[in-house]
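Engineer:
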Amino acid sequence: MRMPMDHFGLYDAEAEREGLEIGDYLTKSLAEAHGLPVPGYIEERQRKALAAREAEQQEMPISA
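In the working numbering, the protein residues as written are 1188 to 1251.
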């Protein structure tokens, strides 16, 4: 898939924020834009990634 390089940074950052790989983020975004359901495997990957991120943040010690 080709896309303008100046767009890639935004897409990549949004994918990271949502806990998705770029391909899954693009698939999710296209489905939503066309009124289609987001594939279940993407929702499951996102749920697991965000839960892991939250658990990791809770384990980090708070520094002074």
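Just so it is clear, CB atoms sit at the ideal spot from N, CA and C, and this is done for glycine as well.
Could you tell me whether the Cβ atoms of L1237 and G1210 are closer together than 8 Å?
Structural biologist: One-based indexing of the sequence shown puts residue 1237 at position 50. One-based indexing of the sequence shown puts residue 1210 at position 23. Not in contact: L1237 and G1210 (Cβ atoms no closer than 8 Å).
Engineer: Cα separation between G1222 and E1230?
Structural biologist: For the purposes of this step, residue 1222 is identified with residue 35 of the sequence shown, where counting begins at 1. For the purposes of this step, residue 1230 is identified with residue 43 of the sequence shown, where counting begins at 1. The alpha-carbon atoms of G1222 and E1230 are separated by roughly 16 Å.
Engineer: Residues in the same chain with beta-carbon distance under 6 Å from A1218, minus the five sequence neighbours each way, listed in chain order, please.
Structural biologist: Looking up residue 1218 in the sequence shown gives position 31. For A1218, where only same-chain residues beyond five positions count, the Cβ hits under 6 Å are V1225.
Engineer: Of the residues L1213, R1204 and E1208, which one's Cα is nearest the Cα of E1241?
Structural biologist: The residue given as residue 1241 occupies position 54 in the sequence shown. Checking every option, the nearest Cα to that of E1241 belongs to R1204.
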